[in-house]
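Trainee: So that we are looking at the same thing, I have put the structure below in structure tokens.
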Amino acid sequence: MKIAVIGTGYVGLVTGTCFAEMGNNVICVDTDVQKINMLNSGKVPIWEPGLEEMIQRNSAGKRIQFTTDTKYAVENSEICFIAVGTPPGEDGSADLQYVLAVAESIGKFMNKHLIIIDKSTVPIGTADKLKLTIQKELNKRNSPLTFDVVSNPEFLKEGDAINDSMKPDRVVVGTDSEKCAEILKELYAPFCRTRDKLIIMSVRSAEMTKYAANAMLATKISFMNDIANLCELVGADVNEVRQGIGSDSRIGYKFIYPGVGYGGSCFPKDVKALIKIAEEVGLKSRLLQAVEAVNEDQKKLLAKKVFKHFGENLTGKTFAVWGLSFKPKTDDMREAPSRVIIKMLIDAGAKIVAYDPVAMDEAKKVLGDNPEISYAAENYEALQGADALLLITEWNQFRYPDFPAIKELLKEPVIFDGRNQYDPQEMKELGFTYYGIGRS
-4 MKIAVIGTGY VGLVTGTCFA EMGNNVICVD TDVQKINMLN SGKVPIWEPG
46 LEEMIQRNSA GKRIQFTTDT KYAVENSEIC FIAVGTPPGE DGSADLQYVL
96 AVAESIGKFM NKHLIIIDKS TVPIGTADKL KLTIQKELNK RNSPLTFDVV
146 SNPEFLKEGD AINDSMKPDR VVVGTDSEKC AEILKELYAP FCRTRDKLII
196 MSVRSAEMTK YAANAMLATK ISFMNDIANL CELVGADVNE VRQGIGSDSR
246 IGYKFIYPGV GYGGSCFPKD VKALIKIAEE VGLKSRLLQA VEAVNEDQKK
296 LLAKKVFKHF GENLTGKTFA VWGLSFKPKT DDMREAPSRV IIKMLIDAGA
346 KIVAYDPVAM DEAKKVLGDN PEISYAAENY EALQGADALL LITEWNQFRY
396 PDFPAIKELL KEPVIFDGRN QYDPQEMKEL GFTYYGIGRS
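Numbering-wise (our numbering), the sequence shown opens with residue -4 and increments by one.
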């Protein structure tokens, strides 16, 4: 099929590339000239395992191209995906200006019947706004052209997005058109060879499904962090509790790992947006408000443990930080717990020496040119002369480190483990003062 994907951020770039991988002809569009030039040179502006190689392969095969020309993309496509950002406004609601701007462009440039598919995470009822915007532009042209608007939310995990796209758990399609449903079934058939994964529903239900899915996962994380904090106070070990409840098939083991809170581009934004959506229709979502509040507190927890050990004034102290991105296998620093923890420590007078396998360039942009933060070339270098180690992101290379080397490099053998990667008893036997999450 001939596909346009407008927006080459995380979702658009992965989506377009995976469609090209299955033999479709894809035109990816973005207003960012520098980004398009980078993509046309075979480079990728985000860090996602396997994506750069896949883009290079499909570019060489002429199945994917990158342009800033929206008119060209719309005129040469049968299906047009909208995959632009919906950043949170000051009140937490999703900002639709970019989505509606794309709809306006589609209405201006479409030259035949189009299926417009909304991949962006948008509030319930956005499809109706898209229809009105596109139709308004068609009316200006006195055009009799017709179109369909479909909701097809993404469910990609950063760090595993290629696999999620190529082997999805489900494909949610919101449409009231049987013809559109059949076309989407054909489009996604190569991704659903083992079983029928398409779930057809109303447009508003599809829009709601995306929010509900992310809010549910965020709820599990905040619930487990709340339980972890209680475990610490009553003398229980949250890792043992996690195994005890995770073995229940109704609960499962996923998203019940305690830590320093969730971050990234999806969970924080979508929980806020869903709270706002509920408020707008007169519902106070007490559960989601609690999920958000618990997460904000959890991001401060590791720094508070540092204050408890070293005191409130950290002047003259240096802390090694392992892990900056909000989770492993990505360079995404959006809403990352490391940002909160580092700021709290610096505000108390500390200096930071940080290391992350892939996120340091992004971290430098986000954290700015701060003289209190320096970056190490490798993880052990960050430890040299530091007063303690803070593990914030659970990259694989941090899971089984050389503990004798850590002990020798640190001024004091103190570890603050924000992801419960290490065994408290082993740490004690090795002579470390160890602080985990939810472990007394």
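Glycine included, C-beta positions come from ideal geometry on N, C-alpha and C.
#1: Give the straight-line distance between the Cα atoms of Asp64 and Ile110, rounded to the nearest whole angstrom.
#2: If you compare alpha carbons, which of Ala210, Val145, Gly37 and Val166 is closest to Ser172?
#3: Using DSSP with H/G/I as helix, E/B as strand and the rest coil, what is Met196?
#4: Report the three-state DSSP secondary structure of Pro263 (helix, strand or coil).
#5: Quick one: what's got a C-beta closer than 6 angstroms to Asp143's C-beta in the same chain, skipping five residues either side?
#6: For Ile1, which of Ala68, Met203 and Lys30 has the nearest alpha-carbon?
#7: State the start and end residues of the unbroken alpha helix (DSSP H) segment that holds Phe186.
#8: What separation, rounded to the nearest whole angstrom, lies between the Cα atoms of Asn224 and Thr62?
#9: To the nearest angstrom, how far is the alpha carbon of Arg165 from that of Ala15?
#10: Note down the Cα distance separating Leu297 from Val335, rounded to an integer number of angstroms.
#11: Give me, in chain order, the residues of the same chain whose beta-carbon lies closer than 7 angstroms to that of Val117; leave out the 5 immediate sequence neighbours on both sides.
#12: Buried or exposed, going by whether 16 or more other CB atoms sit within 10 Å of the CB of Asp356?
#13: Mind checking Gln420: buried by the 16 CB within 10 Å criterion, or exposed?
#14: Skipping 5 residues on each side, what residues in its chain have a beta carbon closer than 8 angstroms to that of Lys382?
#15: Are the CB atoms of Pro163 and Phe150 within a distance shorter than 8 angstroms?
#16: Helix, strand or coil: how does DSSP classify Arg434 here?
#17: Taking DSSP as the reference, what is the three-state secondary structure of Tyr93?
#18: Quick check: the Cα distance between Ile59 and Thr10, rounded to an integer number of angstroms?
#19: Compute the distance between the beta-carbons of Leu46 and Ile157, then report whether it is under 8 angstroms.
#20: Val39 to Glu48, Cα distance in whole Å?
#21: Is it buried or exposed, Pro148, if we count other Cβ atoms within 10 angstroms and call 16 or more buried?
#22: Which same chain residues, not among the five before or five after Ala400, have their C-beta less than 7 angstroms away from its C-beta?
#23: Taking the alpha-carbon positions, what's the Glu235 to Ile387 distance?
#24: Would you grab the beta carbon distance between Met(-4) and Leu182 for me? Rounded to a whole angstrom, and I think it's under 8 angstroms.
#25: To which residues of the same chain is Pro263 closer than 6 angstroms at the C-beta, ignoring the five residues directly before and after it?
#26: Taking only the alpha-carbon atoms, compute the straight-line gap between Ile432 and Asp326 and give it to the nearest angstrom.
#27: In angstroms, rounded to a whole number, what distance separates the CA positions of Ala371 and Arg434?
#28: Please return the same chain residues whose Cβ sits closer than 7 angstroms to the Cβ of Trp390, not counting the five positions on each side in sequence.
Mentor: Here's the rundown:
#1: 19 angstroms
#2: Val145
#3: strand
#4: helix
#5: Ile110, Ser172 and Cys175
#6: Ala68
#7: It is not in any alpha helix (DSSP H) - Phe186 carries neither H nor E in the DSSP assignment.
#8: 50 angstroms
#9: 20 angstroms
#10: 10 angstroms
#11: Thr81, Ala89, Leu91, Val94 and Glu202
#12: exposed
#13: exposed
#14: A quick correction: the sequence has Asp, not Lys, at residue 382. Closer than 8 angstroms at the Cβ level, and outside the excluded window around Asp382, lie Phe305, Lys312, Thr313, Phe314, Leu405, Lys406, Glu407 and Val409.
#15: yes
#16: strand
#17: helix
#18: 11 angstroms
#19: yes
#20: 9 angstroms
#21: buried
#22: Tyr375
#23: 21 angstroms
#24: 6 angstroms
#25: Glu330
#26: 24 angstroms
#27: 30 angstroms
#28: Gly318, Pro323 and Pro352
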